[in-house]
Amino acid sequence: MNRTISTVAAASLLASAGSAHAVINSHIGIDVVDGQLSTQGWVGGTGYTGELRVFVQTLDPTLFFNDAPGTNSPGGTFATPGAIGFNFLDALRVWNPGTEQFDAAPETFTIAFGLTQSATTDTGFVPGFATAVRDENSHPTNQAQWGRHHTHHDFILNGAGGADPAPGIYMLNLELYYEAGAGNTTTYANSDPFWMLFGLNASPAELETVRDWVQINVVPAPGAMALLAGAGLLGLRRRRA
Numbered sequence: 003m004n005r006t007i008s009t010v011a012a013a014s015l016l017a018s019a020g021s022a023h024a025v026i027n028s029h030i031g032i033d034v035v036d037g038q039l040s041t042q043g044w045v046g047g048t049g050y051t052g053e054l055r056v057f058v059q060t061l062d063p064t065l066f067f068n069d070a071p072g073t074n075s076p077g078g079t080f081a082t083p084g085a086i087g088f089n090f091l092d093a094l095r096v097w098n099p100g101t102e103q104f105d106a107a108p109e110t111f112t113i114a115f116g117l118t119q120s121a122t123t124d125t126g127f128v129p130g131f132a133t134a135v136r137d138e139n140s141h142p143t144n145q146a147q148w149g150r151h152h153t154h155h156d157f158i159l160n161g162a163g164g165a166d167p168a169p170g171i172y173m174l175n176l177e178l179y180y181e182a183g184a185g186n187t188t189t190y191a192n193s194d195p196f197w198m199l200f201g202l203n204a205s206p207a208e209l210e211t212v213r214d215w216v217q218i219n220v221v222p223a224p225g226a227m228a229l230l231a232g233a234g235l236l237g238l239r240r241r242r243a
């Protein structure tokens, strides 16, 4: 089934919705605000653009893959040595244009880094993995990079039962955590939950429609509790052991 957004829903977009650049997030900014990790909008050459909890990207229509969004932060953001990790808070969801809500997807989603680190969605919470903050070992001659997290994971949509994944807009629910390295006693609280939307053969207008729906109906905590509790969309907040 082709899970695309209905014409009626797409028609409700603002006139400026046609630009892909207005929708796509090339990076997830990560900051520390009042001792807690915070997901931020990020623009190259500018940096942080304010708290953001819904990020949008597309997947290659043949490989079902992307290496964006990456993460980004200025040097000095995090104590070193350390690492930034993620957890899946819920199963993969896919947009249903008929009901204009998200359903559990038969597909799964893998986030990987290199050949040795990967995590794949399941029916609920799944622990992820951490990647290193830049420090004097990774960048010994560039102190301005110390305390920065800038990396690109592999994002892979897996079809059900060996089949190709269906076109549509897929949603991940995640959190970030900080892992201190040897001799580092700094702690940061986990980030608030955030959401990543990946479009497979979805237009910028469709992605913007769904992004706006998530921002209105999912991100605000009271609305999320009322709307998603029955559907199991509220993943259990857990700190990584």
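Heads up, the working numbering is the position in the sequence shown plus 2, with the first residue counted as 1.
Note that CB positions come from ideal geometry on N, CA and C, so glycine has one too.
Since this is a predicted model, take the numbers as computed values, not measurements.
Select from A134, A93 and D194 the residue whose C-alpha is nearest the C-alpha of R55. D194
Do you know whose CA, among G52, Y50, V35 and F57, lies nearest F196's CA? The candidate whose alpha carbon is nearest that of F196 is F57.
Anyone know if the C-beta pair for H154 and G72 falls short of 7 Å? Cβ distance < 7 Å, so H154 and G72 count as in contact.
The beta strand (DSSP E) spanning I86 covers which residue range? G84 to F90
For E109 and Q145, I'd like the C-alpha separation in whole angstroms. 43 Å
Give the secondary structure of T133 by DSSP, where H, G and I count as helix, E and B as strand, and everything else as coil. strand
With distances taken between CB atoms, is the gap from I113 to S75 smaller than 7 Å? no
Classify N139: buried if its beta carbon has 16 or more other beta carbons within 10 angstroms, exposed otherwise. exposed
Own chain residues within Cβ distance below 6 Å of A81, not counting five before or after: N186 and T188.
Residue environment, A132, which counts as buried when at least 16 other CB atoms sit within 10 Å: buried
So for R213, helix, strand or coil by DSSP? helix
Under 7 Å between the Cβ atoms of T123 and L91? no
Using 8 Å as the Cβ pair cut-off and three pairs as the minimum, do the segment 154-164 and the segment 34-51 touch? no
Quick check on I253: does DSSP put it in helix, strand or coil? The structure shown does not extend to residue 253, since the chain is modelled only from 3 through 243, so no value can be given for it.
Out of F66, F115, G87 and D36, which has the shortest C-alpha to C-alpha gap to A165? F66
Do G149 and I171 have their C-beta atoms within less than 7 Å of each other? no
Mind listing, in chain order, the continuous beta strand (DSSP E) runs of no fewer than 3 residues lying wholly within the segment 27-78? Taking 3 residues as the shortest admissible run, the segment 27-78 contains the following complete beta strand (DSSP E) segments, listed from N- to C-terminal end: 29-35, 38-45, 49-53, 56-60 and 72-74.
Mapping the DSSP letters down to three states, classify G201 as helix, strand or coil. strand
For the beta strand (DSSP E) that W148 lies in, which residues bound it at each end? Per DSSP, W148 lies in no beta strand (DSSP E) segment and is marked neither H nor E.
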